[in-house]
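By the count of the working numbering, the sequence shown reaches residue 637 at its end, each step adding exactly one.
All residues carry an ideal CB built from backbone N, CA and C; glycine is no exception.
On a predicted model such as this, the values are computed, not experimentally measured, just so you know.
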Amino acid sequence: MKKYIGIAVLVAFGVLLPYGLGSYAIHVANVAIIFAILAIGLFLTMGIAGQINLAQIAFFGTGAYASAILTTQTGLGFWPAAVCAVLAAILIGLIIGIPALRMQSHYLGIVTLGLAVAFTNLVSNSSFTGQAQGINNIPGPTLPGIDLSSEYNYYYLEAVALAIGIMLAAFVVHTPLGRRLRAMRDDDLAASAMGAEVPVLRMAAFAVGGLYGGVAGVLYAGLIHFVAPESFSLANMFFLLAMVVIGGRHNLWGALVGAVALTLMREALVNFATYAQLAYGSLVVFMVLFAPTGLAGIPSRLRSLLLTRGSAGPDSTRVAAYIPAPSLGRGLHAPAPSAPNVVEVDGLTKNFKGLRALNGINLVARKGEILGIVGPNGSGKTTLFNVLSGLYTPTEGAVRILGDSAARVAPYRLSLRGVARTFQNLRLFTRLTVRENVMVALDRTLTRWSWRYFLWPLGVWRQDRGMRVAADALLERYGLSDLADTFPTELSYGAQRRVEIARAVATNPEVLLLDEPAAGLNGEEVNQLRLIVKDIRASGVTVLIIEHNMGLVMSLCDRVVVLANGAVIADGLPAEVASQPDVIEAYLGDSSLLDLPTTETAGTP
Ligand code: ADP
Ligand code: MG
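Written out as structure tokens, the structure is:
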């Protein structure tokens, strides 16, 4: 309710604002709105999708220049030119996004910065962009019955564009596409293992940046009637970046507040241009050091500070008991020998430079089987899972899952085919709630269905509601209902392991790979885990489980494969395998047989 009152007040303010502004002030307001639209684009690409983008100003420039060129040189009207200009900006967004397929973080920052410089150089030197003089006499938009040459009326046109931009951004962020983008930002590896097409999502993030940049550029050309290279300089890119950082790059309102605040500040300091740059710079440094979540993050930081001072008890991390599925006869045991092979690994070898982590592995897992994979630390167990889930490509050998080759298949494809996994070193999406973590996994659609955001948003909304209901049902069963709205970082280790299993199950897998799911769990939590895995198997899923807890392996697994130095040294019933002399020798001196939690946490996913 409070939210709606806030929005109503904001809308009323936006509608009434021009009545209180002089002719110069309304111009400043119009510029501020354009920067706000640009800032939303940057917020989506950087804050939501985690793609460092220092070329947003080039998307802005593309929109402005394309609209200038099309209207002044081809005689196209404002609106058709605007559509083409926005499409051009999206195209430039996709082109500038290509490097993101190969590199991330500061490398991506450097490359996009270089492309932004290239854009400024291009428009400063090409004759068709008017070189340094730019392009003059750009016609403004027309609408029947409204005189848009008045900046007061233009304000309302921009305000409508901004309102649509805000609504679209807010909708995307809280529905499947945005959730996947945020998951990718938090952990691209885990996101891909949960079915998110990371390369497509990265391109989508840049396309969205291009969309907002293009709209801002078109509005800018229509407002000023003039474009020149200096409006799209690196200084302005920095200005834009400062808006998003100061406002708060993880929060839509932060980006908007930052855009308005900095535009006003720039106006106030217009006679001290040199000092103004210095001031923004210092402000950015100050914010990054002392308020990394920006202005928008300050209220929630204060709140959490007050809460931790207050009475927030350890209860917030307690997991309730797992509720066994009543219909699944838990008496089900090992599958018949005639059950089809779900996983087949043939002569699998995996080299890391000089190191041979897997050396000619052969194994099968039958439908409905619980296959234990044990072996000393460093014997290649996690590497095997990484190959099975598509994170690593095998050096040699064949891997078939459900009859189809799984070597060199992207992780998201394997996820959609029915391979799910957990990670030895917990890879939850840290800035998504527990419920959202599960919802990312429940999403089985391909990202190209995102066109529905424009053509059938109601369908997207309905799908999202359905996923929420399904997620809550799953969380209930896994005893996680009370934790649905908490973030993984607030949870105990045991609770995080439970969430990871729930998330993997949410993908509705055929094969589930559990990498040391009992590591760090207490006795009761291990009992619950046993119950959970038995239920999962009873529902027809094939489970491969890497475990050091021999008690759990012996009581749970139908069959056990032992690895040592990347090779299979034993394969059989748990009791048979445990008594083989070479197995005992492989374990000699290894603490894992004594049931200690593993200390290995380095490197591999
Ligand atoms: P386990 O899970 O059985 O403890 P791993 O599969 O994690 O063992 O590791 C097997 C060997 O492969 C180790 O020597 C490890 O250092 C090495 N290894 C695993 N992943 C990589 C990687 N990405 N790059 C280089 N070496 C790796
Ligand atoms: Mg491991």
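Residue i versus residue j: straight-line alpha-carbon distance, rounded
i      : j      : result
Leu448 : Thr521 : 28 angstroms
Lys413 : Val41  : 58 angstroms
Cys116 : Ile122 : 10 angstroms
Phe91  : Tyr97  : 10 angstroms
Pro231 : Thr144 : 17 angstroms
Leu310 : Thr479 : 42 angstroms
Arg134 : Ser411 : 30 angstroms
Val47  : Pro208 : 32 angstroms
Gly450 : Thr539 : 7 angstroms
Asp614 : Val592 : 14 angstroms
Ala516 : Asn168 : 56 angstroms
Ile101 : Val250 : 11 angstroms
Gly290 : Ile278 : 6 angstroms
Leu49  : Ile142 : 40 angstroms
Phe322 : Val501 : 39 angstroms
Tyr619 : Gly407 : 7 angstroms
Gln163 : Tyr187 : 30 angstroms
Minimum C-alpha distance to residue i - residue among the options
i      : options                        : result
Lys27  : Val543, Gly246, Leu243         : The first residue shown for the chain is 33 and the last is 637, placing residue 27 beyond what the model contains.
Gly241 : Val289, Gly286, Pro112, Gly79  : Gly79
Pro367 : Cys589, Val585, Val43          : Cys589
Leu284 : Leu194, Thr103, Asp218         : Leu194
Val302 : Val60, Met33, Val592           : Val60
Ile568 : Arg476, Asp378, Tyr187, Arg509 : Arg509
Thr518 : Asp219, Val466, Ala64, Leu327  : Val466
Gly392 : Val374, Asn409, Val431         : Val431
Gly189 : Val204, Gly172, Ala202, Val205 : This sequence places Leu at residue 189; Gly is not what is there. The option with the nearest alpha carbon to Leu189 is Gly172.
Thr104 : Val259, Thr77, Gly227, Met33   : Val259
Ala352 : Ala225, Ala223, Asp514         : Asp514
Any C-beta of chain D under 9 angstroms from that of residue i
i      : result
Arg530 : Of the protein chains in the structure, only one exists, and it is not chain D.
Which of helix, strand or coil DSSP assigns to residue i
i      : result
Lys35  : helix
Leu576 : strand
Glu299 : helix
Lys385 : coil
Leu478 : coil
Gly410 : coil
Asn391 : strand
Ser158 : coil
Asp179 : coil
Asn457 : coil
Gly498 : helix
Glu556 : helix
Glu229 : coil
Val396 : strand
Val374 : strand
His138 : helix
Ala323 : coil
Gly146 : helix
Val470 : helix
Gln612 : coil
Own chain partners of residue i with C-beta closer than 7 angstroms, once the 5 adjacent residues on each side are dropped
i      : result
Leu460 : Asn469, Pro520, Gln528, Val531, Glu532
Ile89  : Ala148, Phe264, Asn268, Met269, Leu272
Ile39  : none
Phe75  : Val276, Arg281, Leu284, Ala287
Trp111 : Pro173
Per DSSP, cross-strand counterpart(s) of residue i
i      : result
Arg591 : Leu403
Leu544 : Ala452, Val575
Ser437 : Arg432
Ala602 : Val594
Val259 : Ile167
Leu380 : Ile393
Same chain only: Cβ atoms within 6 angstroms of residue i, ignoring 5 sequence neighbours per side
i      : result
Gly329 : Gly280
Ala389 : Lys382, Gly412, Thr415, Gly598
Ala602 : Val594, Val609, Gln612, Val615
Ile578 : Ile405, Lys413, Asp547, Glu548
Neighbourhood of residue i by C-beta distance below 8 angstroms, restricted to the same chain and skipping five residues each side
i      : result
Asp179 : Asn185
Arg445 : Gly422
Leu126 : Met235, Phe238, Ala239, Gly242
Ala71  : Leu272, Met275, Val276, Gly279, Ala287, Leu288, Gly290, Ala291
Near the ligand GDP: residue i beta-carbon under 8 angstroms from a heavy atom
i      : result
Ser421 : For the ligand GDP, the structure offers nothing, since it holds only the ligand ADP and the ligand MG.
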